[in-house]
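Worksheet for the structure shown next.
In the working numbering, the protein residues as written are 3 to 87.
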């Protein structure tokens with residue numbers, strides 16, 4: 003499930019959970035800054051918009067919403083990789 007590596011590392015190590023998913027807050031923040039900059043400069047956010055941030059190179063509009071777009075920047079960690087984060 004979704005978790006913070008620093009909190010979940012013990013559970014991953016002892017086998018209580020197998021894998022976690024999360025986002026890099028710095029990259030998510032950079033994506034938000036790029037959106038703000040584009041809008042201030044008169045740009046438009048739409049399906050396929052490239053924010054030039056890893057994981058946010060081709061935004062997808064979330065069904066059912068007019069102004070919600072998502073990237074593909076989810077990270078995952080397991081007992082072998084959690085120490086990288």
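The beta-carbon is built from N, C-alpha and C at its ideal position, and this holds for glycine as well.
Let me make sure I understand the geometry here. Which of the options has the alpha-carbon closest to that of residue i?
i	options	result
residue 5	59, 25, 58	25
residue 29	56, 3, 16, 17	56
residue 17	75, 60, 82	82
Can you say whether residue i is buried or exposed, counting buried as having 16 or more other CB atoms within 10 angstroms of its CB?
i	result
residue 67	exposed
Identify, in the order they occur along the chain, each residue of the same chain with its Cβ nearer than 7 Å to the Cβ of residue i, setting aside the five sequence neighbours on each side.
i	result
residue 11	84
residue 49	61, 62, 63
residue 74	57
Whose C-beta lies closer than 8 Å to the C-beta of residue i among residues of the same chain, with five residues either side of it excluded?
i	result
residue 41	47
residue 21	14, 78, 79, 80
When the Cα atoms are used, what is the spatial distance from residue i to residue j?
i	j	result
residue 78	residue 32	20 Å
residue 58	residue 27	13 Å
On the premise that residue j lies in contact with residue i, defined as a C-beta separation below 8 Å, what is that separation, rounded to the nearest angstrom?
i	j	result
residue 52	residue 60	6 Å
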